[in-house]
Amino acid sequence: MPDRWSFLRTEANRALDINNVPGAAVAVTDGRELLFAEGFGQKGLRDTSPVQADTRFAIASISKGMTALVTGQTLREHGLSYDTPVKSILRNFALPDAYASEHCTVRDLLLHRAGLPSGDTMWWRRPLSEDEIVELLPHVPPGKPFRTAFQYQNLHFAAVSAILRTLTGTSWHQLIREKLFVPLGMHSAGSTVPELQRDTNHAWPVGPNGFGPQREWQFLELYGGASAGQVCCSAPDLARYCRMVLNNGEDTVHPDIVKDCTTPQWFLSQELWPEMLFHTVGLGWLQQVYRGEICWSGAGGMDGFVSHCYVLPKRGLAAVAFANRTSACVAQALAVLALDVAAGFDPLPWVDRYTEQKRAYRKAGEERQAKRHTRVDRTMGVDETCVGTYTHPACGGVTITAEGGALRVRYYSIDAQALPYDRNAYGLFDADDQVEHDITFSDDRQSLQWRVMNSIEVPVFRKCK
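The sequence shown maps to residues -9 to 455 in our numbering.
Set out below in structure tokens:
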């Protein structure tokens, strides 16, 4: 009898090859047991040992669904709900808008509709604690008004962690272990970078975004924002977690909490693909109609890692996949393909579809960068009056120096040259030529504007030295 998984194996290896990605892992489960679990490729560039089924990867924002479930369970145990106002638990909680500060609920935080703009640049690789992030929230430049738009946000999750700590006296790290990892037997799971690296059976983060040459990157530590994306685990353990969700929480999470998290609460888009319609968001989970059936999903991406999971609740099936290259499409393609195989669907050409889509995205990015390069005035010298440190009450500090015949900008995860478009406007260009940020200095060089997030107004950084 032919092995129904042979096509998936062939496609997994092909996906790694054509996308220039070191490794991947895939697992599939039904409501009772693991149906498939295998690794493909190698763990990294220096560590060329093969990825095993139980190799750990960072799962990034799939962590949000876990955090939402743990939060719902904890609130329920304290006689509260997702609709409890945040300020009734965190007395010092505030947002840029006074009305939002008083009326924002836990649900608003988990649904990304509290009025804060999208943008990770201001906190990526910035060593802030949960409390420090909560303290800066009222100073964040506002986005679209409270409850009027979905604005993908990670800062919210520091407030969620602070809520959990206030209610229980226990950290998010400990709670997620006690309420999910231990009862589900997720022995590979952890919530810190040291736990990801605790032995040799882990993948290494590889970048940059694209199809070109690879290099290993540093592991990303999220500090006070850990509940938004710091979980790591193996593919079989993530499948165990999905099985719990399939089974309405089993004995781990109350069924009403699972239902709330997986129920559509905000519409995102009508069509992702002809077979994938009505993209919506719940609490830490996404929903869509896949080939005529309700489908729940989760997705995560961070420096060097990508993860995806898909659940077909009526069929009692779930598929997960990981890959270790920044923004690679491999994990998404393999997770959907694994679901096709498990469900007995005629497999669609997901590897080719997502690879073609990815190539189009990268081509568009390269064209945008080419236009930015044409704006650079190569005749202008280095303006040392721009040198200094500039700060913003929420966005932190930017350091600008004069090095190697150009201005150099350092801002947490960004290290780039600033090349002049004109006297005040500069483009930032990093070694990988993928940073797409511009800054504008004031005439007196006492401030600069930099859109480090998608706020209504561009944040202004003031020179402090």
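No residue lacks a Cβ here, since even glycine has one placed at the ideal position from N, Cα and C.
Near residue i, which residues of its chain fall below 6 Å by C-beta distance, leaving aside the five closest residues on each side in sequence?
| i | result |
| --- | --- |
| P410 | D367, M370, Y416 |
| G387 | T379, T381 |
| D420 | A406 |
| G175 | none |
| A84 | S91, P128 |
Quick one: using the 10 Å Cβ neighbour count with 16 as the cut-off for buried, is residue i buried or exposed?
| i | result |
| --- | --- |
| D319 | For the sequence presented, residue 319 should be read as Cys rather than Asp. C319 comes out buried. |
| Y380 | buried |
| N82 | exposed |
| P86 | buried |
| M(-9) | Residue confidence for M(-9) is low, a pLDDT of 38 falling below 50, so the modelled location carries little weight; the figure read from the coordinates is stated next. Its Cβ having fewer than 16 others within 10 Å, M(-9) is exposed. |
| V172 | exposed |
| F136 | buried |
| Y402 | buried |
| N3 | exposed |
| D330 | buried |
| H192 | buried |
| P117 | exposed |
| K453 | buried |
| H109 | Inspection of the sequence shows that residue 109 is occupied by Gly rather than by His. Classification of G109: buried, given that the 10 Å Cβ count is 16 or more. |
| I390 | buried |
| P12 | buried |
The beta strand (DSSP E) with residue i in it runs from where to where?
| i | result |
| --- | --- |
| Q407 | 404 to 410 |
| F295 | 295 to 302 |
| R400 | 396 to 401 |
| L262 | 256 to 263 |
| D250 | Where D250 is concerned, there is no enclosing beta strand (DSSP E), although the alpha helix (DSSP H) it sits in stretches over 245 to 252. |
| D428 | 427 to 431 |
| F171 | Looking at the DSSP string, F171 is not in any beta strand (DSSP E), and its letter there is neither H nor E. |
| Q277 | 276 to 280 |
| H382 | 378 to 382 |
| M266 | 266 to 271 |
| A216 | Counting along the chain, A216 falls outside any beta strand (DSSP E), and DSSP gives it neither H nor E. |
| I284 | 283 to 292 |
| A15 | 13 to 20 |
| A307 | In the sequence as presented, Ala is not what sits at residue 307; that position holds Leu. Here the beta strand (DSSP E) through L307 covers 307 to 313. |
Quick one: give me the first and last residue of the alpha helix (DSSP H) that residue i is part of.
| i | result |
| --- | --- |
| H93 | 88 to 93 |
| K353 | 340 to 365 |
| I123 | 120 to 126 |
| G185 | First, the amino acid is wrong: residue 185 is Glu here, not Gly. First-last of the alpha helix (DSSP H) with E185: 183 to 186. |
| L100 | 96 to 100 |
Please check the pair residue i and residue j, which I expect to be a contact at CB under 8 Å, by giving their CB distance rounded to whole angstroms.
| i | j | result |
| --- | --- | --- |
| G214 | E122 | 6 Å |
| A321 | F312 | 6 Å |
| G219 | L228 | Contact flag wrong, Cβ pair sits at about 14 Å. |
| V425 | A396 | Not a contact, Cβ separation roughly 14 Å. |
| E261 | C222 | About 33 Å; that fails the 8 Å criterion. |
| V183 | F209 | 5 Å |
| Q143 | L106 | 5 Å |
| P254 | Q277 | 5 Å |
| G294 | V442 | Actually they do not touch by this definition, with Cβ atoms about 22 Å apart. |
Helix, strand or coil for residue i, going by three-state DSSP, please let me know.
| i | result |
| --- | --- |
| Q166 | It should be pointed out that residue 166 corresponds to Ile in this sequence rather than to Gln. DSSP places I166 in helix when its eight states are reduced to three. |
| Y142 | coil |
| G62 | helix |
| A228 | Checking the sequence shown, residue 228 turns out to be Leu, not Ala. L228: helix per DSSP, three-state reduction. |
| F335 | coil |
| D(-7) | coil |
| L85 | coil |
| Q439 | strand |
| Y72 | coil |
| R205 | strand |
| E374 | helix |
| F147 | helix |
| Q32 | strand |
| E1 | helix |
| K77 | helix |
| A323 | helix |
| T38 | coil |
| A415 | strand |
| V235 | helix |
| H177 | coil |
| I446 | coil |
| I390 | strand |
| A27 | strand |
| R452 | strand |
For residue i, I'd like the list of residues in its chain whose CB is within less than 8 Å of its CB, leaving aside the five on either flank, ordered along the chain.
| i | result |
| --- | --- |
| R(-1) | E28, F30 |
| Y64 | The amino acid occupying residue 64 in the given sequence is Thr; Tyr does not appear at that position. Closer than 8 Å at the Cβ level, and outside the excluded window around T64, lie L154, L157, T158, L165, K169. |
| T345 | A5, I8, N9, C319, A323 |
Cutting at 7 Å between CB atoms, please list the residues of its own chain near residue i, excluding the five before and the five after it.
| i | result |
| --- | --- |
| S317 | N199, G291, V296 |
| A152 | L80, E120, D121, V124 |
| G55 | C251, G274, W275, G288 |
| A333 | L302, R305, L307 |
| W340 | A323, V326, L327 |
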